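> Take this note's numbering: the last position of the sequence shown gets the number 172, and nothing is skipped along the way.
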Amino acid sequence: LSTNLTFPSKDLCQHLQNSDRCVLMAATLGLETDQKIAYYSRFELTKGIIMDACATTAIEALCDEVQLEVAAKAEQEGYTITNRYSPGYGDLSLTHQKDILKVLNTYPRIGLTVNENYLMLPRKSVTALIGLEKYAGHKETAVAKDKCNNCLAKNCRFRRGGDISEEKP
């Protein structure tokens, strides 16, 4: 799939600065998941909260699987990948959800749409961009390099090279 979609975002530009190409992705757990969460949230609050947390974990795991597939295909073509970057991160506005969903034709394919507030429906859904960078002969992936660079915690122990277990509460 090829598109001329553009995003006016300095943060995304920095994230993709070494990328030749970009992968757009969309994933959803579907309407049934939302309906079950809503039901339990009304009638059995604890189950609703647990189900919501489990669904959040499930959609992230699904996105991780997609990212692994993208990484494997990219490696075959001599590329490494960046972390996923989604509308709502940094200065990349949620308004771009609509553009991504349109390009990927998500409503007929997976039932994913966006409301007037640019929130995706079903709620347990993700859109993201993954940059493809030409492999430079080293094993460190762009994902590993970007973790600290894109984090807002500028003075954490990971950034300073320490071990998180050294951190005191």
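Each residue gets a CB set at the ideal place from its N, CA and C atoms; glycine is no exception. Note that the structure is a prediction, hence the values are computed from the model and not measured.
My output table needs one value for S3: the three-state DSSP class, helix, strand or coil.
Because the chain is modelled from 4 through 172, residue 3 falls outside the range shown and cannot be assessed.
> Output the distance between the C-alpha atoms of T49 and C66, rounded to the nearest integer angstrom.
26 Å
> I'd like to know whether the C-beta atoms of G51 and P125 end up nearer to each other than 8 Å.
no
> Just to check my reading of the structure: T31 and I113 have Cβ atoms closer than 8 Å, yes? What is that Cβ distance to the nearest angstrom?
Approximately 5 Å separates the beta-carbon atoms of T31 and I113; this is inside 8 Å, confirming the contact.
> For a cutoff of 8 Å on Cβ pairs, would you count V69 as touching chain D?
Absent from the structure: chain D. Only one protein chain is present.
> Whose C-alpha, out of D37, E72, A77, is nearest the C-alpha of A58?
Nearest of D37, E72, A77 to A58, Cα basis: D37.
> Where do the N-terminal and C-terminal ends of the beta strand (DSSP E) with K56 fall, by residue?
Correcting the residue type first, residue 56 is Ala in the shown sequence and not Lys. No beta strand (DSSP E) holds A56; the alpha helix (DSSP H) holding it covers 48-79.
> Would S96 pass as a contact of L115 if the rule is Cβ separation under 8 Å?
no
> In whole angstroms, what is the alpha-carbon distance linking T83 and Q20?
13 Å
> Specify the secondary structure class of Y42 as computed by DSSP and reduced to three states.
helix
> What three-state label does DSSP hand K127 in the structure shown?
coil
> Under the rule that 16 or more other beta-carbon atoms within 10 Å means buried, what is N86, buried or exposed?
buried
> DSSP state of T85, grouped into three classes?
strand
> Going by DSSP in three states, L34 sits in which element: helix, strand or coil?
DSSP places L34 in helix when its eight states are reduced to three.
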